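Peer 1:
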Amino acid sequence: MDDLRLLITRPLEQTEFLSKMLENQGFEVVPEPLLKIEHKSIPLKIFDNVQGIIVTSARALENPSLDLVPKNLPLFVVGEITAKNAKDKGFSTIFVGQNSAASLANIIIDYFINQSARLVYLSSNEIRYDFVNHLKPYSIQVERIIAYLAKTSDQLSDSVVKALENKELGGVVFFSPRTAEIFVKLTKANEKSLKNLVAWCASQSIADVLERNSWQSIVVAESPAQESMISALKNYKNLLRG
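Letter by letter, the sequence shown follows residues 1 to 242 of UniProt numbering.
1. With respect to the beta strand (DSSP E) encompassing P31, which residues constitute its N-terminal and C-terminal limits?
2. Starting from the Cα of S153, find the closest Cα among V132, Q141 and V184 and give me that residue.
3. Do three or more CB pairs link the stretch 112–126 to the stretch 87–98 at distances below 8 Å?
4. Between which two residues does the beta strand (DSSP E) carrying V142 extend?
5. Is T15 a contact residue of the ligand ADP, with contact defined as CB to any heavy atom under 8 Å?
6. By the three-class DSSP mapping on this structure, what secondary structure does K237 have?
7. Would P70 be called buried (16 or more neighbouring beta carbons within 10 Å of its own) or exposed?
8. Report the partner residues of V219 according to the DSSP bridge assignment.
9. Would you kindly check if the distance between the Cβ of I146 and the Cβ of K45 is under 9 Å?
10. Could you tell me the alpha carbon to alpha carbon distance between F131 and E165, rounded to whole angstroms?
11. Cβ atoms of L34 and L186: under 9 Å apart, would you say?
12. Excluding five sequence neighbours on each side, which residues of the same chain lie with their C-beta closer than 7 Å to the C-beta of E181?
13. How many angstroms separate the CA atom of P4 from the CA atom of Q25?
14. By Cβ distance below 6 Å, which residues in the same chain neighbour I108 in space, the five residues on each side in sequence not counted?
15. Measuring alpha carbon to alpha carbon, tell me which residue in A199, T9 and F27 is nearest K36.
16. Report yes if the CB atom of S19 is closer than 9 Å to the CB atom of R59, and no otherwise.
17. Counting only runs of 4+ residues fully inside the stretch 29–65, write out the alpha helix (DSSP H) ranges in chain order.
18. Helix, strand or coil, according to DSSP, for Y121 in the structure here?
19. Determine the DSSP secondary structure at L113, reduced to helix, strand or coil.
20. Leaving aside the five residues before and after D221 along the sequence, list all residues of the same chain whose C-beta is less than 6 Å from its C-beta, in chain order.
21. Could you pull the DSSP bridge partners for F91 from this structure?
22. Which residues does DSSP list as the beta-bridge partners of V78?
23. Around the Cβ of N63, are there at least 16 other Cβ atoms within 10 angstroms (buried) or fewer (exposed)?
24. Tell me which same chain residues have a C-beta within less than 6 Å of the C-beta of L149, skipping the five on either side of it?
25. Rounded to whole angstroms, what's the CA-CA distance from N190 to E211? Just pull it up for me.
Structure, rendered in structure tokens:
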């Protein structure tokens with residue numbers, strides 16, 4: 001088994017920088033995107049007379065339609081990674097949750113306390129938290145708009161299946177619960193192959209998806225930021241090399 005050979009499950013367009021950084025640290029990267037992102041056109045008129053925008057994934061901010069959206073609208077984002085991307089996009093009024101949709105909902109409720117509001121929620125085709133119904137009792141009307149489709153892989157590539165069977169990987173890197181769920185599903189028939197692997201998770205919510213007994217170990221980075229994952233892997237490599 002090659003401890004420094006890592007499977008990266010992110011969408012391909014998000015893998016390039018991470019791969020370069022890890023390769024510079026001496027890792028070999030095997031890209032295996034389990035999601036393919038397809039952006040949908042967003043009609044700009046939906047932003048008329050709204051008091052804010054909700055975003056729970058940086059992928060929604062990558063939609064080209066947002067280039068023409070007024071950047072002074074309050075933007076409610078789930079965590080610091082999305083907040084950084086929002087700043088890079090030019091948004092100036094950003095409210096940040098604590099890496100959960102529930103914490104973000106509470107921020108929104110506090111912000112619009114004792115007043116009605118209309119918000120636009122830019123999401124994928126699949127959601128884990130229903131802002132529309134959760135905020136409705138607080139006189140906050142949320143219109144959900146699908147900003148992108150997250151198309152899932154229905155099988156692993158032959159080369160990755162072979163690498164798993166031959167114990168040619170040292171770990172798998174996950175940046176979202178969704179990709180973790182897909183990987184678990186696709187490896188169900190060959191679950192024993194995970195016993196020699198370290199699962200590297202960007203957050204505890206990702207680790208919660210994985211069956212702890214299936215892996216050699218599960219490591220959660222200090223923060224969901226990509227830099228935190230790189231730091232954790234660098235420390236791991238230093239420990240291996242003594």
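Note that the Cβ used here is the ideal one computed from N, Cα and C, for glycine as well. What you are looking at is a predicted structure, and each value in this text was computed from that prediction instead of being measured.
Peer 2: Quick look at the numbers:
1. If you number the sequence shown from 1, residue 31 lands on position 31. P31 -> beta strand (DSSP E) spans E28 to P31.
2. On the sequence shown, position 153 is the one that residue 153 refers to. Cα-wise, what sits closest to S153 is V184.
3. no
4. Along the sequence shown, read from residue 1 onward, the residue named residue 142 stands at position 142. V142 -> beta strand (DSSP E) spans I140 to T152.
5. Judged by which ligands are present, the structure shown has none, so any question about the ligand ADP falls away.
6. To locate residue 237, count along the sequence shown from 1; it is residue 237. K237: helix per DSSP, three-state reduction.
7. The residue you call residue 70 lines up with position 70 of the sequence shown. Under this definition P70 is an exposed residue.
8. What you label residue 219 is simply residue 219 of the sequence shown in a count that begins at 1. V219 pairs with W200.
9. Locating residue 45 in the sequence shown gives position 45, where the first residue counts as 1. Locating residue 146 in the sequence shown gives position 146, where the first residue counts as 1. It is not a contact, given that the beta carbons lie outside the stated cut-off.
10. As a first step, residue 131 must be located in the sequence shown, where it is residue number 131. As a first step, residue 165 must be located in the sequence shown, where it is residue number 165. Approximately 42 Å, taken between the alpha carbons.
11. Within the sequence shown, residue 186 is the residue found at index 186, counting from 1. Within the sequence shown, residue 34 is the residue found at index 34, counting from 1. Taking 9 Å as the Cβ cut-off, L186 and L34 qualify as a contacting pair.
12. Numbered from its first residue, the sequence shown carries residue 181 at position 181. Cβ within range, chain order: V209.
13. In the sequence shown, counting from the first residue as 1, residue 4 sits at position 4. In the sequence shown, counting from the first residue as 1, residue 25 sits at position 25. Looking at the sequence provided, one finds Leu at residue 4 rather than Pro. If I take the Cα positions, the gap works out to 10 Å.
14. Mapped onto the sequence shown, residue 108 falls at position 108. Excluding residues within five positions, the ones whose Cβ falls inside 6 Å are F76.
15. Position 36 of the sequence shown, counting from 1, holds the residue named residue 36. Closest option to K36, Cα to Cα, is T9.
16. Here the question's residue 19 lines up with position 19 in the sequence shown. Here the question's residue 59 lines up with position 59 in the sequence shown. Their beta carbons are not under 9 Å apart, which means S19 does not touch R59 by this criterion.
17. 58–61
18. Taking the first residue of the sequence shown as position 1, residue 121 is located at position 121. Strand, per DSSP.
19. As a first step, residue 113 must be located in the sequence shown, where it is residue number 113. The sequence as given places Ile at residue 113; Leu does not occur at that position. Coil.
20. As a position in the sequence shown, residue 221 is number 221, starting the count at 1. For the sequence presented, residue 221 should be read as Ala rather than Asp. Counting only Cβ-Cβ distances below 6 Å, and skipping sequence neighbours, we find A202, S228, M229 and A232.
21. Here residue 91 corresponds to residue number 91 of the sequence shown, with the count starting at 1. Per DSSP, none; premise fails for F91.
22. The residue given as residue 78 occupies position 78 in the sequence shown. Per DSSP, none; premise fails for V78.
23. Mapped onto the sequence shown, residue 63 falls at position 63. N63 should be labelled buried.
24. To locate residue 149, count along the sequence shown from 1; it is residue 149. Around L149: E38 and N125.
25. Taking the sequence shown and counting its residues from 1, one reaches residue 190 at position 190. Taking the sequence shown and counting its residues from 1, one reaches residue 211 at position 211. Looking at the two C-alpha atoms, the distance is approximately 14 Å.
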